[in-house]
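Protein chains in written order, with our numbering: chain A, -16 to 462; chain B, -16 to 462; chain C, -16 to 462; chain D, 86 to 197; chain E, 86 to 197; chain F, 86 to 197.
Every residue, glycine too, gets a C-beta built ideally from N, C-alpha and C.
Keep in mind the model is a prediction, meaning the values are calculated, not measured.
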Amino acid sequence: MTLKKSSRAGLLALAFGILLGLFLSVASFDASYAQAPAAAPAEPAAAPAAPPPACDATAKPPVLEKCTPNSGDTAWMLTSMAIVLMMTLPGLALFYGGMVRKKNVGDTVMTSFAITCLISILWLFFTYSLAFRGGTPFIGGLDRAFLQGILSDISKGIGNPNPLAPTIPETVYSMFQLTFAIITAALVAGSFAERMKFSAMLWFIGLWAIFVYSPIAHWVWGPDGVFNSTNDAAWVKVLDFAGGTVVHVNSGTAGLMAALMVGKRKDTGPAHNMVLTLIGASLLWVGWFGFNAGSAVSAGIQAGMAMTVTHLATATAGFTWMIVEWIMRGKPTVIGICSGAVAGLVAITPASGFVGPMGAFCIGVAAGIVCYWGCTGFKRMFGYDDALDVFGVHALGGAAGALLTGVFAVSEYGGTAGLIEGNAGQVLNQAIGIGCVFVYDVVVTLIILKIVDVVIGLRVPSEVEREGLDLALHGETVQ
Amino acid sequence: MTLKKSSRAGLLALAFGILLGLFLSVASFDASYAQAPAAAPAEPAAAPAAPPPACDATAKPPVLEKCTPNSGDTAWMLTSMAIVLMMTLPGLALFYGGMVRKKNVGDTVMTSFAITCLISILWLFFTYSLAFRGGTPFIGGLDRAFLQGILSDISKGIGNPNPLAPTIPETVYSMFQLTFAIITAALVAGSFAERMKFSAMLWFIGLWAIFVYSPIAHWVWGPDGVFNSTNDAAWVKVLDFAGGTVVHVNSGTAGLMAALMVGKRKDTGPAHNMVLTLIGASLLWVGWFGFNAGSAVSAGIQAGMAMTVTHLATATAGFTWMIVEWIMRGKPTVIGICSGAVAGLVAITPASGFVGPMGAFCIGVAAGIVCYWGCTGFKRMFGYDDALDVFGVHALGGAAGALLTGVFAVSEYGGTAGLIEGNAGQVLNQAIGIGCVFVYDVVVTLIILKIVDVVIGLRVPSEVEREGLDLALHGETVQ
Amino acid sequence: MTLKKSSRAGLLALAFGILLGLFLSVASFDASYAQAPAAAPAEPAAAPAAPPPACDATAKPPVLEKCTPNSGDTAWMLTSMAIVLMMTLPGLALFYGGMVRKKNVGDTVMTSFAITCLISILWLFFTYSLAFRGGTPFIGGLDRAFLQGILSDISKGIGNPNPLAPTIPETVYSMFQLTFAIITAALVAGSFAERMKFSAMLWFIGLWAIFVYSPIAHWVWGPDGVFNSTNDAAWVKVLDFAGGTVVHVNSGTAGLMAALMVGKRKDTGPAHNMVLTLIGASLLWVGWFGFNAGSAVSAGIQAGMAMTVTHLATATAGFTWMIVEWIMRGKPTVIGICSGAVAGLVAITPASGFVGPMGAFCIGVAAGIVCYWGCTGFKRMFGYDDALDVFGVHALGGAAGALLTGVFAVSEYGGTAGLIEGNAGQVLNQAIGIGCVFVYDVVVTLIILKIVDVVIGLRVPSEVEREGLDLALHGETVQ
Amino acid sequence: MKIVMAIIKPFKLDEVRDALTSIGVQGLTVTEVKGYGRQKGHTEIYRGAEYAVSFLPKIKIEVAVDTKQVDKVIGAITGAAKTGQIGDGKIFVFNLENAVRIRTGETDAAAL
Amino acid sequence: MKIVMAIIKPFKLDEVRDALTSIGVQGLTVTEVKGYGRQKGHTEIYRGAEYAVSFLPKIKIEVAVDTKQVDKVIGAITGAAKTGQIGDGKIFVFNLENAVRIRTGETDAAAL
Amino acid sequence: MKIVMAIIKPFKLDEVRDALTSIGVQGLTVTEVKGYGRQKGHTEIYRGAEYAVSFLPKIKIEVAVDTKQVDKVIGAITGAAKTGQIGDGKIFVFNLENAVRIRTGETDAAAL
Ligand SMILES: Nc1ncnc2c1ncn2[C@@H]1O[C@H](COP(=O)(O)OP(=O)(O)O)[C@@H](O)[C@H]1O
Ligand SMILES: Nc1ncnc2c1ncn2[C@@H]1O[C@H](COP(=O)(O)OP(=O)(O)O)[C@@H](O)[C@H]1O
Ligand SMILES: Nc1ncnc2c1ncn2[C@@H]1O[C@H](COP(=O)(O)OP(=O)(O)O)[C@@H](O)[C@H]1O
């Protein structure tokens, strides 16, 4: 009954959201056509005066008018977007789905799917603009709300690329970054699996994407972000090639907060199907090349190096976890080697553009050991019920990776020297970045969770939890 | 017994088919080597006279001799072919396989696999040539039968690209289009799942690919096709960027005919494994970027825009279906959100090169609502047993998308204005295209089905249906 | 108990291995930084004297200094690496996992995963260097041990590509080739599935990769390899575009040896889940485009042709196997059509750069028939227990494909004429290549197996085999 | 009261259930089982591996009924489950000493 | 000795097991079954296809106990498994003539 | 007639079946069950989550036999299923009042 009520609450609210969206959409249409004529005259007006400057991404400030995309870079980024989406669907869905009990697998995989849809709609509306357009050092502007202007001159066969991605169309860059926003949100959901209301999950994740992910992404990657290492005006230059802090520390921390707020599961049990988990881990591995090598936003030497270190760190971490587990528990498990590989992927993410093969190897070994401990000793120490170890793997792994990036960075690879080249300061920078993300995340996430809990309640009734979320919330079961 | 007999009939016939193929193959060898010398002298003969014209795809008529492919465009199209194949194998196989009963999942997934093999062989033999080579406005020629001539001058490092794809090798274009032919045929099979003879299925699909798919593909995409919007001589210019009519209206209509001819299932039941369905829907989503963005046949701004609208429409439709279902039935289901996402993919397909982000959003909302109704109210209204809703999702979704393309097309994106820019005529063009495809499809598909039914019978005996097709037809079961 | 003991033995040994790795890693760091300064002065010194030679991959010897990678080729190779990894994880893992009994599926899929990790670490340490760097005709040098030097000048935005892959960064080439080394080793494991100790498996595969795979890869693909058809100094020019001998004859032969050494299974049963097998076969098919078309190491006409023949041979072989099985056993099976497709992929692998569409068709038909026989009649004839038919499909299919490459090669496609163009000698070359690989493989593999058997024992105790490896060795079960 | 336990071919389940409800049986419990008997399974020889599928999938139905109904029940099951081919299965009858409906605590016949 | 066989709702299993152990039952055997009864299941109408889910998932518990314990056992099960809603299930009691513990060969009560 | 019901360790199934056929048993029915007993299962502590695997997979065999065969059957099962370790399982014997072969309608001993 409680359930029924809450669902209704949730769905009405959701229906409202979508209708709002529709309305806004129409609005924005008007907008875009209102501006079209406005823009048109501008062109000819400018033309006679002086020929528009040629495209020059390297100039400071870069001239990005009338650039023709590089077809090779664009090909790689189109591919990267597709395979990074594959990391979440079906990758993460299965990685998580295999580790829950059979009675909850449907709810778990559907959570990843619904989050993908929700985050994409918000991205279209305003989160892309908030995260990646210039504005303040803390949050971007709204000039790309509803992605208006992003496609302004296809018909002329030329684009105005984003300064962050000068050789590809901004549409591709936006979609590529969307897949990062999606998986970050989907990762969070692992911590409260098997017990949160589906409606509460949608509200929590939606608000979190707006108030936590967007600003943090802007801090680190926004053109004028406060931590952006390529922004000369940055307060602290934090190295985060593909999202150690933005994606992993961020999702892991939010996950921990959610696990604490929603509480422990009534009953637990072993992973119901480690084959699903292995499929998921494998697709995460494959897709992660788009994630890390794609973060070079071009198909060249840096992408090649990123792919290399990504693969090597992952293999090393998977193997390390297996060995550690074999020694500690007497048996190597499928869940273990898969978790280790994911730990390696997480840890190499911030480092992938900055370190070399042997640095990757060391990061892999560290990730395997640290995250194993994070999912066992560390977790038992504090006694929280982070169902699928989002904190142990992503927050700890991401933090370890971010710090080790400051250690193993080699200037001839990524332009910045790390501790091994004598630049101890970089490690400090990394620590500051991690700390700020952690603190902001903890505070805002707790506020959001509290609000959702008060309004519709976070947790399913215990009989629903016993019976299983699949049947109770979705009316489906795996036979 | 009935079964045994029919199988024998089928396999003998099939064996015959393959032998025929073998024979033809040898024949064609002779052919190709016969012509080789003939071609050789021509070259030098031409050489002294005048240097061959330089490659110029934009000239009218385009000069396509001695073109060197663009490596970036080629890279993206190679990738697109691979991920569009992944849409069918394992994507569609799992999307369908998860929705049938456990006793039929093997037959269902094998159907997709066998269709992939069969359509590919026919493509090699003649269907590629019939669909994509110049000929009449209604059907292409046979100059590429057995793909002869398609690889004529690799050794010189240059190609003679297809006018439809000037910057990539024709081999790649042919394989890319093959993956469309494959999934279209595989989609049809969802309607008669759980009850059609495997041998009858092969005959029906094979004949359908020859007599229905090839001509319709030629109408819309053939260089001289009657509906090809890039063909100045076209009767009606229909916008169909990636196959709303050719793929979806087409397969959905054929599916409905098959469902009517083969009749209702004896017993039905809930989807046996929604996790498989979710994996399938996810891979369809991922692969669809190759389908739609790949239909730009280049890695540039149009591909980027196509990818953007594809993703946004899909996410919106999945979310919309979930909300509608939540309101109507009280519970959001995994099958539901997956079906919604597929509905969005279907509806945006014809529009993907012509509309913008907010247009995609509206198309997504429409797809979610229309297809939900198509699978429930509409279907109950007519009472046919389209097992996996090929008509409700693909025909209705495809038609809705094709019409809305005429509404939301923006000239600065795809070169053609739609209703929102005041060009009401385009909506009419779209309707004509849909109508012609529907009518032709209905007639020819029914004829083919009738013939197959008379010759070997369409349906399995009822005890086979009760026991399950996996054990009865294939001697296998999922444990 | 025996089990416990052996595991401990294995894991201690493995722990040792990884520690060794760590130590070496540090060592190599010193090395690389020692050399860094050494390299630095060289540059300026050279500069004034004379401008470094321009990049010219076609010159003999090719000048490969300061080459800027081709972004399109690089994009395709990055993609190829990712999808070839997908062939093993999750592709091969599932293809194999579906065919074993449910009690062993976890061990089977984990075997593929662990092999991927292990081979990658060895690759970093020295196997890449041994296989692909110049040295002797029989084995490469160690100048790329720990991949040192591979990334030496990213910061200058230029690379020193491998002569084998002049238009892409060597990092990408190295990772691409790594995925071949991975799947070759993982394929071997199919033969001894359901009964080998996990620890013994790791030792056997690790040693095999070093002492069998590396040299054989060098023979055929190493710049100065004894069988490399592009090496003017080669003893015999063997055509092997993507690994018919190196990958398939090689893995199949090793598999047979392992099956013989470890002995027959105590109990056997039908494939427990043909849906997993179908997913695996599908992903193998999709990824194989990276395998074969990727072996063109560029995104151009040859890649397009390779993709075309790969797809056509696969579809033909799958269909052929299905028909043969239907005639011979009365029922077409899911396992059958999947095995046929894989057989086609195997057989076309060596041919993919050299034959045309109809040649591919003939190779497909041959593969379907030969491998069906290899898994049934042939295998029964000799009575060995090759659990998942590594020999029947990969060794026989690979050999058939390698020989038919000599038959159907067309000079205008791949530069070399085959029997159908009158060059009977090529068939002989192919046979010599196959023979040498087979003999070397048999001898060295048996030695390795013997050693491992003596030291830790190859086979699990029979109660473990009865109970299932999942529970006994890994403490997990699929519910 | 008696418990009638029948082992039948899986695809006969729906027919048997209908037959039983038509004679007024209010409830029954079904279990998926594997059967070994005269119907000797087949030996699969696939991909060289030869294995005997000696256990065949069957369905076990348990029905608690009032003693005087037993014969009607046996008749209904036999009628619906029979194909005349080997492997049709068996019906076993036990004595049921007591029955309780958990919801109400009713016992004996009232509990059925 | 008697065998007490109970058909209960799946999510009640843990509670029932605890109730039984608390009264000294040393062992029991559990089977996943499907039940048909008054609790009439629902008709799903999804994607147009209408199907009746007439068999509901249930859990069957079998406990061999000493005759004098039977009532306590029935009480424990009823107490733990009862929700008061239709479909709670049944308890059936049979006579058990002999019991053997395979490991030791002990028989009768000693075997339980 | 009697029904002999045995709960055994899964990997012993083949041996038990062979033992039974060797003494002339013509058929039997097998069910996958979960057992709770003295063999206390283990507590897994993985990834921090601690859970008790209290139910262990077991196999239930039901054989209907002629009364005078019972002891031979019990002997055969005990012999084949015994490992001497805790958890080997139990054998329970009930009285079987009637048996029918669906295919032929034969009853009693003739039906087995
Ligand atoms: N003695 C027995 N005890 C228990 N179950 C039996 C016995 N004999 C047969 N069965 C069950 O009945 C099923 C059918 O029996 P079978 O001998 O194969 O055919 P039929 O019933 O036609 O003689 C078997 O698969 C098995 O499940
Ligand atoms: N006559 C019967 N014989 C065997 N099992 C029965 C019988 N009647 C009911 N059951 C089992 O008991 C379960 C619950 O019975 P039901 O009639 O649905 O509710 P209630 O027990 O509250 O009357 C059924 O699902 C079925 O498994
Ligand atoms: N009283 C009982 N009633 C029904 N089944 C029982 C009972 N006691 C034990 N069993 C079954 O027998 C199996 C083995 O019993 P257990 O006590 O673990 O070992 P042992 O048989 O060696 O004493 C249990 O897993 C359970 O399935």
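Item                                                                                                                                                            : Value
On the DSSP letters alone, give me the boundaries of the alpha helix (DSSP H) that Arg449(C) sits inside.                                                       : Ser445 to Glu450
If you drop the 5 nearest sequence neighbours on each side, which residues of the same chain put their C-beta closer than 6 Å to that of Gln18(C)?              : Note that Gln18(C) scores a pLDDT of 32, beneath 50, so its modelled location is shaky and nothing firm can be said.
Looking at chain B, which residues of the stretch 219 to 240 of chain C have a Cβ within less than 8 Å of any of its Cβ atoms?                                  : none
Would you say Ala149(F) touches ligand 1, meaning its beta carbon is less than 8 Å from a heavy atom?                                                           : yes
Distance, Cα to Cα, Phe344(B) vs Val325(B)?                                                                                                                     : 15 Å
Interface residues of chain B around Tyr136(E) at Cβ under 9 Å?                                                                                                 : Asp250, Thr251, Gly252 and Pro253
Rank Trp191(C), Val338(C), Leu295(C) and Pro146(C) by C-alpha distance to the C-alpha of Lys433(C) and give the top, closest one.                               : Trp191(C)
Is the CB of Asp99(E) under 9 Å away from at least one CB in chain A?                                                                                           : yes
Chain A partners of Phe140(E), CB-CB under 9 Å?                                                                                                                 : Under the 9 Å cutoff, chain A gives no residues; its nearest Cβ is about 12 Å from Phe140(E).
If I measure Cβ to Cβ from Gly118(B) and keep anything under 6 Å in the same chain, skipping five residues before and after, which residues do I get?           : Gly124
Give me the residue from Trp271(B), Thr303(B), Ser281(B) and Val447(B) with the minimum Cα distance to Val292(B).                                               : Trp271(B)
Taking just the CA atoms, how far does Met60(B) sit from Ile66(A)?                                                                                              : 15 Å
By DSSP, does Ala28(B) sit in helix, in strand, or in coil?                                                                                                     : With a pLDDT of only 34 at Ala28(B), under the threshold of 50, the placement of this residue in the model should not be trusted; the figure read from the coordinates follows. The answer is helix: DSSP assigns Ala28(B) an H, G or I state.
For the stretch 99 to 125 of chain B, list every residue whose C-beta sits within 7 Å of some C-beta in chain C, in sequence order.                             : Thr99, Cys100, Leu101, Ser103, Ile104 and Leu107
Using a Cβ-Cβ cutoff of less than 6 Å, which residues in the same chain neighbour Gly339(B) once the five nearest sequence positions on both sides are dropped? : Val393 and Tyr396
On a CA-only basis, which of Ala161(F), Lys153(F) and Lys157(F) is nearest Arg102(F)? Give me that one, please.                                                 : Ala161(F)
Taking the continuous alpha helix (DSSP H) assigned at Ile88(F), which residues delimit it?                                                                     : It is not in any alpha helix (DSSP H) - Ile88(F) instead sits in the beta strand (DSSP E) that spans Lys87 to Ile93.
Output yes if chain A places a C-beta closer than 9 Å to the C-beta of Tyr121(F); else output no.                                                               : no
For Leu222(A), which option in Asp436(A), Gln413(A) and Met288(A) has the closest C-alpha, if you only look at C-alpha atoms?                                   : Gln413(A)
Since Glu276(A) sits in a beta bridge, which residues does DSSP pair it with?                                                                                   : Per the sequence shown, the amino acid found at residue 276(A) is Ala instead of Glu. Per DSSP, none; premise fails for Ala276(A).
Mind reading off the beta-carbon distance from Ala334(C) to Phe274(C)? Whole number of angstroms is fine, and I expect it under 8 Å.                            : The Cβ separation is near 13 Å, so there is no contact.
Taking only beta-carbon positions, decide if Gln462(B) is within less than 9 Å of chain E.                                                                      : no
Under DSSP, the alpha helix (DSSP H) around Gly120(D) begins and ends at which residues?                                                                        : Per DSSP, Gly120(D) belongs to no alpha helix (DSSP H); it is in the beta strand (DSSP E), Leu113 to Tyr121.
Going by DSSP in three states, Thr192(F) sits in which element: helix, strand or coil?                                                                          : strand
Val422(B): buried (16+ other C-beta within 10 angstroms of its C-beta) or exposed?                                                                              : exposed
Buried or exposed for Glu446(C), please, with buried defined as at least 16 other CB atoms from any protein chain shown within 10 angstroms of its CB.          : exposed
State the start and end residues of the unbroken alpha helix (DSSP H) segment that holds Lys157(E).                                                             : Val155 to Ala166
Tell me Met179(A)'s beta-bridge partners as DSSP assigns them.                                                                                                  : Arg442(A)
Indicate the three-state DSSP secondary structure (helix, strand or coil) for Asn214(B) in the structure shown.                                                 : coil
Once DSSP output is grouped into helix, strand and coil, what is the label at Gly124(B)?                                                                        : coil
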